[in-house]
Amino acid sequence: EDQNYLINQAKIQNIVKPTWKNPSRNETTNVLKDEYFSQLEPEQVSLLMNMFKFDLELFGYSAKDYEKYSTGSEFSLSNLTCKTKNEFID
Numbered sequence: 312e313d314q315n316y317l318i319n320q321a322k323i324q325n326i327v328k329p330t331w332k333n334p335s336r337n338e339t340t341n342v343l344k345d346e347y348f349s350q351l352e353p354e355q356v357s358l359l360m361n362m363f364k365f366d367l368e369l370f371g372y373s374a375k376d377y378e379k380y381s382t383g384s385e386f387s388l389s390n391l392t393c394k395t396k397n398e399f400i401d
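Below, the structure is given as C-alpha cells:
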C-alpha cells in the first residue's frame, strides 16, 4: 500500500511498477517459526517470551507454541515476569 501511494504521489506509475515479494517463499508460519527459533539457545527463547509476554497475551498466542524451544521446563504466560529495559541491557 505504501509503495502504491508513493508511486502515485510522485506520478511515476508509468515508469515504476509496484512489486511485492514474499520473503517466506510460500512456507507456512509454523515452518518459519521452527526454522528461526531452532537457531536460538533455550535461554534466548525464554528471554524472548519474557520480553514479549504482553504481546503474546494481547494477540492470543499460546506459550505452548514456544515451550519446545525453551529450557525444557513447561512455562505459561502467567509464569513469565516482565523485565525492565535495564535488566535486558545488563
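Per our numbering, the sequence shown starts with residue 312, numbered consecutively.
Think of the CB as a built atom: it goes at the ideal place given N, C-alpha and C, for glycine as much as any other residue.
Predicted model, so just to flag it, every value in this text is computed and none were measured.
Assign Ser373 to one of two classes, buried (16 or more other C-beta atoms within 10 Å of its C-beta) or exposed (fewer than that). Working through the sequence shown from its first residue, we reach residue 373 at position 62. Exposed is the call here.
Q | Own chain, CB closer than 7 angstroms to Gln314, minus 5 neighbours either side, in chain order | A | Within the sequence shown, residue 314 is the residue found at index 3, counting from 1. Only Pro329 meet the Cβ criterion.
query = Cβ atoms of Val342 and Tyr380: under 8 angstroms apart, would you say?
reply = One-based indexing of the sequence shown puts residue 380 at position 69. One-based indexing of the sequence shown puts residue 342 at position 31. Not closer than 8 angstroms, so no.
**Asked** For Pro329, which three-state DSSP category applies?
**Response** Working through the sequence shown from its first residue, we reach residue 329 at position 18. Correct three-state label for Pro329: coil.
So for Gln340, helix, strand or coil by DSSP? Stepping through the sequence shown from its first residue, residue 340 is reached at position 29. Before going on, a small fix: residue 340 reads as Thr here, not Gln. Of the three classes helix, strand and coil, the one that applies to Thr340 here is helix, per DSSP.
Buried/exposed call for Tyr377, threshold 16 Cβ in 10 Å: Translated into positions along the sequence shown, residue 377 becomes position 66. Tyr377 is buried by the Cβ-count criterion.
If I measure Cβ to Cβ from Ile318 and keep anything under 7 angstroms in the same chain, skipping five residues before and after, which residues do I get? Within the sequence shown, residue 318 is the residue found at index 7, counting from 1. For Ile318, where only same-chain residues beyond five positions count, the Cβ hits under 7 angstroms are Gln324, Val327, Pro329.
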